[in-house]
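Numbering (our numbering), first residue to last: 1 to 219.
Here is the structure we will look at, set down as structure tokens.
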Ligand SMILES: [Zn+2]
């Protein structure tokens, strides 16, 4: 079993040409990146020393690495605004973003494919790759407080993921009994995203979970 940590929304960086299209205050908010996720991700990498890990280098406002590239929401609304003002600039940014997205996805898929081609030493039913996507969510949405500390997202129809989610929850509760942990909150584990795409591509040898941490711990 190999652990593969990733952090799609680690950064709020924007390429120089696209930076001007985004209001400065927005660049510092949860809309631009997952506040605190990179800190947790780095700790996990340092602790687990995985063979492979990767993190996003640009803001999701440039392109969302956790969306299918053909999904409209992969590109933020700022592209529309830029397009009205300067169509060639918008097209150039989108092409650059698509290239960056493709490279990110390709690196991950290459690692999984090479791991799956190696002979297995553990039980056949156990997944070869356990992917942990580290994310964070804003403590308040539309004026409502989200009353959860950590969310664990997975596909409930997949036994290995269900089991891993239980193990992770038990471990969090053991270390921090006061923490409120919920499954498939604040999002569904089966929405369009990286784990969903990888499940489809690699089947049961791959198990993908996302850890969603409340940003109140970092603000
Ligand atoms: Zn995220």
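The beta-carbon is built from N, C-alpha and C at its ideal position, and this holds for glycine as well.
No experiment lies behind these values; they were computed from the predicted model shown.
At which residues does the alpha helix (DSSP H) containing residue 106 begin and terminate? For residue 106, the enclosing alpha helix (DSSP H) stretches over residues 87 to 116.
Judging by CA-CA distance, which residue of 112, 210 and 214 is the nearest neighbour of residue 66? Residue 210 holds the alpha-carbon nearest to the alpha-carbon of residue 66 among 112, 210 and 214.
When you compare each of 109, 73 and 76 to residue 54 by their alpha carbons, which one comes out closest? Across the set 109, 73 and 76, the C-alpha of 109 shows the shortest separation from the C-alpha of residue 54.
I believe residue 36 touches residue 136 by the beta-carbon criterion, under 8 Å. Please report the beta-carbon distance rounded to the nearest angstrom. A Cβ-Cβ separation of about 5 Å places residue 36 in contact with residue 136 under the 8 Å criterion.
Which residues mark the beginning and the end of the beta strand (DSSP E) in which residue 183 is found? The continuous beta strand (DSSP E) containing residue 183 extends over residues 181 to 183.
C-beta contact flag for residue 62 and residue 14 at 7 Å: Yes, they are a contact pair.
Give a yes or no on contact between the region 95 to 108 and the region 167 to 184, applying the rule of three or more CB pairs nearer than 8 Å. Look at the beta carbons and you see the region 95 to 108 not touching the region 167 to 184: under three pairs across the two are nearer than 8 Å.
Is it a yes or a no for the region 74 to 93 touching the region 155 to 171, going by three-plus beta-carbon pairs under 8 Å? The answer is no - the region 155 to 171 does not touch the region 74 to 93, with fewer than three Cβ pairs under 8 Å.
How far does the alpha helix (DSSP H) with residue 153 in it reach, from first residue to last? For residue 153, no alpha helix (DSSP H) encloses it; the enclosing beta strand (DSSP E) starts and ends at 150 to 153.
With DSSP as the reference, identify every bridge partner of residue 4, one or two as the case may be. Beta-bridge pairing links residue 4 to 131.
Answer yes or no: the CB of residue 176 versus the heavy atoms of ligand 1, is any distance below 6 Å? Residue 176 has its CB no nearer than 6 Å to any heavy atom of ligand 1.
So, at 8 Å on beta carbons, what are the nonlocal neighbours of residue 19 in its own chain, with the 5 sequence-adjacent residues on each side left out? Cβ neighbours of residue 19 beyond the five flanking positions: 27.
Using DSSP's beta-bridge definition, name the partner residues of residue 206. Checking the DSSP bridge columns, you'll see residue 206 partnered with 129.
4-residue-minimum alpha helix (DSSP H) runs that sit fully inside the region 16 to 42, ordered along the chain: Uninterrupted alpha helix (DSSP H) stretches at least 4 residues long and entirely within the region 16 to 42 occur at 16 to 19, given in chain order.
Can you give me the Cβ contacts of residue 149 inside the same chain, cut-off strictly under 7 Å, excluding the 5 residues immediately before and after it? If we look at residue 149 and ignore the five residues flanking it on each side, its Cβ neighbours are 179, 180, 181 and 214.
At what residues does the alpha helix (DSSP H) containing residue 166 begin and finish? For residue 166, the uninterrupted alpha helix (DSSP H) run begins and ends at 159 to 175, by DSSP.
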